[in-house]
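Residue numbers (the working numbering), protein chains in the order written: chain A, 1 to 125; chain B, 1 to 125.
C-beta: ideal position from N, C-alpha, C; glycine also.
Quick caveat: nothing in here was measured; it's all calculated off a predicted structure.
2 protein chains.
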Amino acid sequence: MHDERSKEETWVADEEERVNCDHRARSALESSAAPASVERAAAIFRALGDPARLMLMARLARAEACVSELAAESGDGLSTISQRLRLLRAERLVLRRRDGKHIYYRLADQHVAELISNGLEHADE
Amino acid sequence: MHDERSKEETWVADEEERVNCDHRARSALESSAAPASVERAAAIFRALGDPARLMLMARLARAEACVSELAAESGDGLSTISQRLRLLRAERLVLRRRDGKHIYYRLADQHVAELISNGLEHADE
DNA sequence: TGTTCAGTTGAATAAGCTGTGAAATGAGAG
DNA sequence: CTCTCATTTCACAGCTTATTCAACTGAACA
């Protein structure tokens, strides 16, 4: 307990700070977002909000893989991985296909990949 | 309990699916992300993973506001809003400044705004 | 049909969160 | 210095979530 209230960031209240920042990424923020969208978006964020799950997603972003591969790579149990994937699948963030005895998972779409990428980028700065 | 294992999405295993999707957003995903980055990114996602908090962030994305305004607008108690902001601030997603008796909050940076925007966009599709 | 291999699901326990009222801060006004 | 207003912190009850073991499903194949 020592951080969290460090620098107060005075952000010069009179500089007008170009509030209408034209960087884009305003589209969804300009007007009050629909409650349903917020719910859904929060659900997506929550699903990505666990280190183990996010790691899994980052791994899948690199290439599809089956449960046993993922379990072996991460060192976690099959059941554990399966449960994580279950949750991610429930949020429709991953898709799966069966190939013989194995079931391969991959990210649901490229948009998801971007979201993860953005998060990871923002993380180390 | 009825959804979650609906369509199996066969994703045509032989179409090769242009795996090297050139949409960008690969940067952070190409190689195994650093554990620290994953932790941090997950923490950010987790912070945004609560409807009430995300709503708050979406609100702040529109314009800065002080606690009482936010409380009045959302209908929640002061204490509740304050706690939400505390968590968001602990993750450095919002900044605050004091002006007389009030304390104004706003998003920490434009990158955060983008993240939220992306999430909301992905939400309704 | 029966066996095996790959994954899934259920249940239980443990750990972590969130909202909330009451008490505490802290800057300005008198 | 004291009072007050805006906001924060504390502490806790109540709810959600993650992991794990064991039991189960369901292809493949002999």
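1. Using only CA atoms, which one of B:Ala42, B:Leu48, B:Phe45, B:Arg59 lies nearest to Ser32 of chain A?
2. Report back the beta-carbon spacing between Ala47 of chain A and Leu87 of chain A to the nearest angstrom; my notes put them in contact at under 8 Å.
3. My assumption, with CB atoms under 8 Å, is that Ala113 of chain B sits in contact with Leu29 of chain A. Please give the rounded CB distance.
4. Is the shortest distance between the beta-carbon of Leu88 of chain B and the beta-carbons of chain A less than 8 Å?
5. Can you have a look at Leu95 of chain A and say buried or exposed, based on whether 16 or more other CB atoms are within 10 angstroms of its CB?
6. For His102 of chain B, which residues does DSSP report across the bridge?
7. Going by Cα to Cα distance, which pick from B:Asp109, B:Leu93, B:Pro51, B:Ala34 is closest to Ala41 of chain A?
8. Would you mind stating whether Ile116 of chain A and Ala61 of chain A have Cβ atoms separated by less than 8 Å?
9. Along the chain, where does the alpha helix (DSSP H) that runs through Gly119 of chain B open and close?
10. In this structure, does DSSP put Ala34 of chain A in helix, strand or coil?
11. Name the two residues that bound the continuous alpha helix (DSSP H) containing Glu69 of chain B.
12. In or out: Ser37 of chain A buried (at least 16 other Cβ within 10 Å) or exposed?
13. Return the residues of the region 68-80 of chain B that lie within a Cβ-Cβ distance of less than 7 Å from chain A, sorted by chain order.
14. Please name the residue, chosen from A:Gly100, A:Ile44, A:Pro35, that lies closest to Arg92 of chain A on a Cα-to-Cα basis.
15. Taking Cβ positions, are Leu85 of chain A and Tyr104 of chain A nearer each other than 8 Å?
16. Restricting to Cα atoms, I'd like to know which of A:His102, A:Glu125, A:Leu56 is closest to Ile81 of chain A.
17. Under 8 Å between C-beta atoms, does Arg62 of chain B make it to chain A?
18. Does any heavy atom of the ligand NAD sit closer than 7 Å to the C-beta of Ser37 of chain B?
19. Could you list which residues in chain B have their beta carbon closer than 8 Å to that of Arg84 of chain A, in chain order?
20. To the nearest angstrom, report how far apart His23 of chain A and Asp109 of chain B are at their CA atoms.
21. Going along the chain, which residues of its own chain have a beta-carbon closer than 6 Å to the beta-carbon of Arg54 of chain B, five neighbours each way excluded?
For this structure:
1. Walking along the first sequence from the start, residue 32 of chain A turns up at place 32. Taking only the C-alpha atoms, the option nearest Ser32 of chain A is B:Arg59.
2. Here residue 47 of chain A refers to the residue found at position 47 of the first sequence. Here residue 87 of chain A refers to the residue found at position 87 of the first sequence. Their Cβ separation, rounded to whole angstroms, is 6 Å, which keeps Ala47 of chain A and Leu87 of chain A in contact under 8 Å.
3. As a working mapping, residue 113 of chain B is identified with position 113 in the second sequence. As a working mapping, residue 29 of chain A is identified with position 29 in the first sequence. Confirmed, Cβ separation roughly 6 Å.
4. Counted from its first residue, the second sequence places residue 88 of chain B at position 88. Chain A contact via Cβ: absent.
5. For this step, residue 95 of chain A is matched to residue 95 along the first sequence. Flag for Leu95 of chain A reads buried.
6. Residue 102 of chain B sits at position 102 when you count from the first residue of the second sequence. Answer is B:Asp99, bridged to His102 of chain B.
7. In the first sequence, the residue the question calls residue 41 of chain A occupies position 41. Out of B:Asp109, B:Leu93, B:Pro51, B:Ala34, B:Pro51 has the C-alpha closest to the C-alpha of Ala41 of chain A.
8. As a first step, residue 116 of chain A is located in the first sequence; it is residue number 116 there, counting from the start. As a first step, residue 61 of chain A is located in the first sequence; it is residue number 61 there, counting from the start. Yes, the Cβ-Cβ distance between Ile116 of chain A and Ala61 of chain A is below 8 Å.
9. Counting from one through the second sequence, the residue named residue 119 of chain B turns up at place 119. Per DSSP, Gly119 of chain B belongs to the alpha helix (DSSP H) from 110-123.
10. As a working note, residue 34 of chain A is residue 34 in the first sequence. Residue state, collapsed to three classes: coil.
11. The count along the second sequence starts at 1 and reaches residue 69 of chain B at position 69. That run of the alpha helix (DSSP H) goes 67-74.
12. Start at 1 with the first residue of the first sequence, and residue 37 of chain A comes out as number 37. By the 10 Å Cβ count, Ser37 of chain A comes out buried.
13. none
14. Position 92 of the first sequence holds residue 92 of chain A. Looking at the Cα atoms, A:Ile44 is the closest of the given residues.
15. The residue you call residue 85 of chain A lines up with position 85 of the first sequence. The residue you call residue 104 of chain A lines up with position 104 of the first sequence. Taking 8 Å as the Cβ cut-off, Leu85 of chain A and Tyr104 of chain A do not qualify as a contacting pair.
16. Stepping through the first sequence from its first residue, residue 81 of chain A is reached at position 81. For Ile81 of chain A, the nearest C-alpha among the options comes from A:Leu56.
17. As a position in the second sequence, residue 62 of chain B is number 62, starting the count at 1. Answer yes: the Cβ-Cβ gap between Arg62 of chain B and chain A drops below 8 Å somewhere.
18. Absent from the structure shown: the ligand NAD. Ligands present: none.
19. What you label residue 84 of chain A is simply residue 84 of the first sequence in a count that begins at 1. In chain order: nothing, as chain B lies at least about 12 Å away.
20. Along the first sequence, read from residue 1 onward, the residue named residue 23 of chain A stands at position 23. Along the second sequence, read from residue 1 onward, the residue named residue 109 of chain B stands at position 109. Low per-residue confidence applies at His23 of chain A: pLDDT is 42, beneath 50, and the placement is therefore not dependable enough to give any value.
21. Numbered from 1 along the second sequence, position 54 holds the residue referred to as residue 54 of chain B. The sequence shown places Leu at residue 54 of chain B, not Arg. Here the set comprises Leu48.
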